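Visitor: The structure's right below; bear with me while I get my questions together.
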Amino acid sequence: MSSRYLLDTHIILAILRADVYERFPWLARLVSAPDFVGVVSVASLWEIAIKTRLGKLDPGIALERMRSSLQDAGLTILRIDIEHVLTAAEPEPPTRDPFDRLLLAQCQVEGLQLVTIDRALVGHPLAFRF
Numbered sequence: 009m010s011s012r013y014l015l016d017t018h019i020i021l022a023i024l025r026a027d028v029y030e031r032f033p034w035l036a037r038l039v040s041a042p043d044f045v046g047v048v049s050v051a052s053l054w055e056i057a058i059k060t061r062l063g064k065l066d067p068g069i070a071l072e073r074m075r076s077s078l079q080d081a082g083l084t085i086l087r088i089d090i091e092h093v094l095t096a097a098e099p100e101p102p103t104r105d106p107f108d109r110l111l112l113a114q115c116q117v118e119g120l121q122l123v124t125i126d127r128a129l130v131g132h133p134l135a136f137r138f
């Protein structure tokens with residue numbers, strides 16, 4: 009089993025709002041594993057920033073503090089690379105959401121498992137099963 013995990017936007021928001029373990033108690037076991045490596049995609053940060061600026065989302069902290077807050081939590085920020093954009097995750101996910109599709113493509117390219125609660129993604133082979 010992989011020890012490198014890409015956290016989806018729902019999980020990232022819970023981390024930023026400091027209620028991650030209350031909302032997702034199973035995540036505490038995953039994160040406490042000695043070989044756990046948590047990764048956050050710039051795509052998720054972009055999605056959070058867009059929705060925050062549109063008034064559709066409150067991340068719980070100032071956008072300017074997101075990077076440092078996530079890095080302080082021991083997470084690595086994954087940039088978007090051309091290979092991520094050109095790769096189509098296999099099998100094709102049922103969702104048409106471009107952010108979800110990009111996260112799955114990043115998992116495929118980088119050898120990550122997606123940690124998600126999104127019903128459209130939880131059954132995908134690239135998603136972590138908890």
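Under our numbering, the letters of the sequence shown match residues 9 to 138, in that order.
Glycine is no exception: its CB is placed at the ideal position from the N, C-alpha and C atoms.
Since this is a predicted model, take the numbers as computed values, not measurements.
Comparing alpha-carbon positions, which option in 79, 127 and 132 lies nearest residue 20?
Guide: Comparing Cα positions, the closest option is 79.
Visitor: Closer than 8 angstroms by C-beta to residue 17: which residues in its own chain qualify, once you throw out the five before and the five after it? Chain order, please.
Guide: Excluding residues within five positions, the ones whose Cβ falls inside 8 angstroms are 52, 55, 56 and 107.
Visitor: Take residue 140 and list the residues in its own chain whose beta-carbon comes closer than 8 angstroms to its own, dropping the five residues that flank it on each side.
Guide: Outside the shown range of the chain (9 to 138) lies residue 140, about which nothing can therefore be said.
Visitor: Residue 49 by DSSP, collapsed to three states: which one?
Guide: Correct three-state label for residue 49: strand.
Visitor: Drop a sphere of 10 angstroms on the beta-carbon of residue 131, count the other beta-carbons inside from all chains shown, and report buried for 16 or more, exposed for fewer.
Guide: Residue 131 comes out exposed.
Visitor: Could you tell me which of 126, 22, 25 and 45 sits nearest to residue 85, measuring between CA atoms?
Guide: The shortest C-alpha separation from residue 85 is found at 45.
Visitor: Tell me, which residues are paired with residue 121 by DSSP?
Guide: Looking at the DSSP assignment, residue 121 forms a beta bridge with 13.
Visitor: Going by beta carbon distance, what residues of the same chain come within less than 7 angstroms of residue 22, once the five residues before and after it are set aside?
Guide: Hits under 7 angstroms: 28, 31 and 32.
Visitor: Run the CB neighbour count on residue 42, radius 10 Å, all protein chains shown included, and call it buried at 16 or more, exposed below.
Guide: Exposed, since its Cβ has fewer than 16 Cβ neighbours within 10 Å.
Visitor: Please list the terminal residues of the continuous alpha helix (DSSP H) segment that includes residue 94.
Guide: Segment 90-94, the alpha helix (DSSP H) holding residue 94.
Visitor: Rounding to the nearest angstrom, what Cα-Cα distance links residue 99 and residue 117 in this structure?
Guide: When rounded, the distance between both Cα atoms is 14 angstroms.
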